[in-house]
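Peer 1: Provided herewith is a single structure, encoded as structure tokens, for subsequent inquiry.
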Amino acid sequence: MRPAISVLGMGRMGSALAHALIKAGYPTTVWNRTAAKAAPLAAAGAEVAASVRDAVAASEVVIVNVSDYQATESLLRNGTVAAALKGKLVIELTSGTPDGAREAQAWAERHGLRYLDGAILATPDYIGTEAGTLLVSGPANVFEHSRAALGALGGNVQFIGEDPGLANALDSAVLALMWGALFGGLQAIAVARAETIDLGVLAKQWAATAPVIDGLVSDLIKRSAAGRYAADGETLSSVSPHYGAFHHLVDLMKARGIDRTITDGYEAVFRRAIDAGHLHDDFASLSQFMGQPA
Ligand SMILES: NC(=O)c1ccc[n+]([C@@H]2O[C@H](COP(=O)([O-])OP(=O)(O)OC[C@H]3O[C@@H](n4cnc5c(N)ncnc54)[C@H](OP(=O)(O)O)[C@@H]3O)[C@@H](O)[C@H]2O)c1
4 MRPAISVLGM GRMGSALAHA LIKAGYPTTV WNRTAAKAAP LAAAGAEVAA
54 SVRDAVAASE VVIVNVSDYQ ATESLLRNGT VAAALKGKLV IELTSGTPDG
104 AREAQAWAER HGLRYLDGAI LATPDYIGTE AGTLLVSGPA NVFEHSRAAL
154 GALGGNVQFI GEDPGLANAL DSAVLALMWG ALFGGLQAIA VARAETIDLG
204 VLAKQWAATA PVIDGLVSDL IKRSAAGRYA ADGETLSSVS PHYGAFHHLV
254 DLMKARGIDR TITDGYEAVF RRAIDAGHLH DDFASLSQFM GQPA
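Under the working numbering, the very last position in the sequence shown is 297; numbers go up by exactly one each time.
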């Protein structure tokens with residue numbers, strides 16, 4: 004029998020989570036600070052709780068998805084709610100930091116409840132689909148016990164490890180990749196516009212170049228994992244040609260007066276590596292200069 008699940012937070016993501024649980028046949032209770040946002044869930048078959056305490060009392064499993072961990076704390080960390088949670092499982096799907104998750108796990112332990120921390124690597128339209136990705140960390144046996152319910156939220160649920168901070172940590176690492184591409188996109192748009200290149204032409208080039216960049220990033224991660232920083236027969240590109248091409252970009256940006264906040268950061272990392280003698284090493288050698296501040 005499917006366990007009853009309560010979901011706290013009916014924003015864009017929380018609503019998608021609750022809809023997916025209802026669709027998968029879980030008895031679902033929802034609560035939201037702004038009550039009106041729970042109405043579509045009631046229409047879809049959820050019970051609507053009048054308070055956080057009522058929502059917590061209604062189910063064995065409580066999923067939280069609000070804006071940040073401070074909001075979660077304001078909902079759960081008071082005497083009546085903490086007492087109602089005793090012996091239950093809280094799955095925190097709000098985005099946060101690794102240390103925030105570790106602190107929440109310690110609080111949960113002190114108050115006699117089980118805790119899993121998850122990070123959602125998907126937009127709400129992916130929730131409940133095969134392609135929905137959720138990273139989860141916490142006690143392995145608790146994860147195993149909840150695997151089916153988590154599977155209702157996305158087809159790609161991954162257990163990352165027992166340290167509750169790991170899901171958020173991996174989430175941040177993946178977001179760093181994402182913003183690298185998005186901010187790179189912003190720079191490309193600025194350069195294209197300054198040189199009157201049609202953005203449709205840029206879009207076509209992105210489609211053609213994305214697999215090449217994908218291969219470079221995979222290679223970078225693989226070589227960094229193995230500490231293979233010296234150039235060898237499999238090196239795709241050493242630091243030197245990257246730095247040369249990078250300076251063509253910087254010169255163009257200077258000439259057209261394009262903001263160089265981001266490229267100034269790239270320059271600093273290139274310089275640290277080159278000054279340390281890595282000009283002719285594999286590009287992956289730069290990863291040694293990103294782990295700590297300059
Ligand atoms: N949307 C995405 O694509 C996406 C993807 C991955 C992860 N996430 C994560 O999912 C979480 C929710 O995102 P969202 O897109 O659903 O945001 P959202 O639509 O802005 O919803 C935010 C939710 O948090 C609630 N909330 C905020 N402060 C609160 C407080 N002090 N007390 C009680 N409730 C509070 C809001 O309640 P009210 O309705 O009363 O304001 C609302 O239910 C975030 O941590 C986000 O990083 C979102």
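Here a beta-carbon is modelled for each residue, glycine too, at the ideal position from N, C-alpha and C.
#1: Where DSSP assigns a beta bridge to N159, which residues make up the other side?
#2: So, are the CB atoms of G164 and R105 less than 8 Å apart?
#3: What number of angstroms, rounded off, separates the C-alpha of I200 from the C-alpha of S240?
#4: Considering only the alpha carbon of each residue, which of R117, V204, P127 lies closest to S140?
#5: Between the alpha carbons of L189 and A229, how many angstroms are there, rounded?
#6: Using the three-state DSSP reduction, which class does I265 fall into: helix, strand or coil?
#7: Which term fits T32, buried or exposed, when burial requires 16 or more other beta carbons within 10 angstroms of its beta carbon?
#8: Out of A107, F162, A21, M4, which one is the CA nearest neighbour of G12?
#9: Return the residue from the list S290, H283, L255, K257 that minimises the CA-CA distance to V272.
#10: Report the option in G187, M4, D174, T132 whose CA atom is closest to the CA atom of A206.
#11: Between the C-alpha atoms of A19 and G158, what's the straight-line distance to the nearest angstrom?
#12: Excluding five sequence neighbours on each side, which residues of the same chain lie with their C-beta closer than 7 Å to the C-beta of A197?
#13: Any heavy atom of ligand 1 inside 7 Å of the beta-carbon of A40?
#14: So does the stretch 137-153 actually touch the stretch 38-56, counting three or more Cβ pairs closer than 8 Å?
Peer 2: Taking the structure as given:
#1: By one-based count along the sequence shown, residue 159 stands at place 156. Its beta-bridge partners are T136.
#2: Numbered from 1 along the sequence shown, position 161 holds the residue referred to as residue 164. Numbered from 1 along the sequence shown, position 102 holds the residue referred to as residue 105. Cβ atoms of G164 and R105: not closer than 8 Å.
#3: On the sequence shown, position 197 is the one that residue 200 refers to. On the sequence shown, position 237 is the one that residue 240 refers to. Distance between the alpha carbons of I200 and S240 is about 27 Å.
#4: Taking the first residue of the sequence shown as 1, we reach residue 140 at position 137. It is R117.
#5: Within the sequence shown, the letter at position 186 stands for residue 189. Within the sequence shown, the letter at position 226 stands for residue 229. Cα-Cα distance, rounded: 32 Å.
#6: Translated into positions along the sequence shown, residue 265 becomes position 262. Correct three-state label for I265: helix.
#7: Walking along the sequence shown from the start, residue 32 turns up at place 29. It counts as buried.
#8: Your numbering for residue 12 matches position 9 in the sequence shown. If we check each option's Cα against that of G12, A21 comes out closest.
#9: Stepping through the sequence shown from its first residue, residue 272 is reached at position 269. For V272, the nearest C-alpha among the options comes from S290.
#10: Here the question's residue 206 lines up with position 203 in the sequence shown. Checked all of G187, M4, D174, T132; the closest Cα to A206 is G187.
#11: Working through the sequence shown from its first residue, we reach residue 19 at position 16. Working through the sequence shown from its first residue, we reach residue 158 at position 155. Rounded to whole angstroms, A19 to G158 spans 14 Å at the Cα level.
#12: Against the sequence shown, residue 197 aligns to sequence position 194. Once the five neighbours on either side are set aside, the close Cβ partners of A197 are R259, I261.
#13: Taking the first residue of the sequence shown as position 1, residue 40 is located at position 37. Per the sequence shown, the amino acid found at residue 40 is Lys instead of Ala. Yes, the beta carbon of K40 sits closer than 7 Å to at least one heavy atom of ligand 1.
#14: no
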